[in-house]
């Protein structure tokens, strides 16, 4: 794992996330450099396919969802997918699927650590953590998680190209191999487009549109991805979709 985790010359490593010394099961929970390299190196379907079994091994070794969430959030910052404290990433707690981990309100992606993540329920109550819950993130993500028990994780951020493309209100055409990955597997959501989602009904409208797809373009808002497998999959598809939007706008 350490050999595969070496980064190319000149490429920086993600900063440490101060992981706890042990998981709930009592086993060590230190993230591997191979996990960091997955997002610090250029993303490709090949890298995803090769490293995904390694991530499974890390999970089996006791690496918790909280650590992976923190690493993914900081990877978003590394890739420039941040804007103030806008954006939210969520992942179900594997032992308590009615609860989900999310990044705290008013904390920049680059500053997210396992120690400041919060655990919340579908009603917006913070079960664990010392920070406030992002209301807009709760409204959208909690509704999707509640309506679709099979969805494990979601990613949303206010990005340059995704936001610009979302303003067009058009689906992504399958004009490249990369874009073809989203063919008939994403939707354009016009409901509540451009509004800051603070009402519960807004989340329900978005949730209804997420049936059977892995991504959504929320008009005048931005990109949202979901995974029925893991948060690293949701993150990969978000970065891939942002890249496709960039290509389409060039």
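Numbering (our numbering), first residue to last: -11 to 238. Cβ atoms here follow ideal geometry from the backbone N, Cα and C, with glycine treated the same way. Quantities reported herein were computed from a predicted structural model and do not represent experimental measurements.
Integer-rounded CB distance, given that residue j should sit under 8 Å from residue i
i: residue 237; j: residue 149; result: 6 Å
i: residue 112; j: residue 130; result: 7 Å
i: residue 58; j: residue 100; result: 5 Å
i: residue 230; j: residue 69; result: 7 Å
i: residue 196; j: residue 203; result: Going by Cβ atoms, the distance from residue 196 to residue 203 rounds to 15 Å, so no, they are not a contact pair.
i: residue 121; j: residue 115; result: Going by Cβ atoms, the distance from residue 121 to residue 115 rounds to 10 Å, so no, they are not a contact pair.
Top-ranked residue by Cα proximity to residue i, from the options
i: residue 153; options: 170, 205, 228 and 89; result: 205
i: residue 209; options: 176, 192 and 62; result: 176
i: residue 233; options: 136, 164, 202 and 220; result: 164
i: residue 74; options: 198, 97 and 54; result: 97
i: residue 83; options: 54, 66, 58 and 59; result: 54
i: residue 168; options: 107, 225 and 92; result: 225
i: residue 79; options: 228, 227, 219 and 108; result: 219
i: residue 128; options: 221, 213, 223 and 231; result: 213
i: residue 207; options: 194, 107, 222 and 227; result: 194
i: residue 144; options: 76, 197 and 70; result: 76
i: residue 170; options: 134, 115, 222 and 137; result: 222
i: residue 227; options: 147, 133, 72 and 174; result: 147
i: residue 162; options: 123, 235 and 108; result: 235
i: residue 56; options: 198, 103 and 71; result: 103
i: residue 117; options: 139, 92 and 137; result: 92
i: residue 81; options: 122, 125 and 109; result: 109
i: residue 132; options: 215, 191, 201 and 216; result: 191
i: residue 198; options: 135, 105 and 123; result: 135
i: residue 217; options: 137, 172, 189 and 126; result: 137
Residue i Cβ short of 6 Å to the ligand GDP heavy atom set
i: residue 229; result: The ligand GDP is absent from the structure shown, which contains no ligand whatsoever.
Host beta strand (DSSP E) of residue i (start-end)
i: residue 108; result: 106 to 109
i: residue 237; result: It is not in any beta strand (DSSP E) - residue 237 instead sits in the alpha helix (DSSP H) that spans 219 to 237.
i: residue 116; result: 114 to 116
i: residue 168; result: From DSSP, residue 168 is part of no beta strand (DSSP E) but of the alpha helix (DSSP H) over 165 to 168.
i: residue 175; result: 174 to 177
i: residue 211; result: 210 to 215
i: residue 204; result: 203 to 206
### Meets three-Cβ-pair contact criterion under 8 Å: the region 86 to 95 and the region 154 to 164
No, the region 86 to 95 does not touch the region 154 to 164.
#### Entry: Continuous alpha helix (DSSP H) assignments of at least 4 residues falling wholly in the region 131 to 159
If we require 4 residues or more, the alpha helix (DSSP H) runs fully inside the region 131 to 159 come out as 131 to 135 and 148 to 154.
### Query
Which ranges does the beta strand (DSSP E) cover as unbroken runs of at least 3 residues, wholly within the region 54 to 86, from first to last along the chain?
Fully enclosed beta strand (DSSP E) runs of 3 or longer: 76 to 80.
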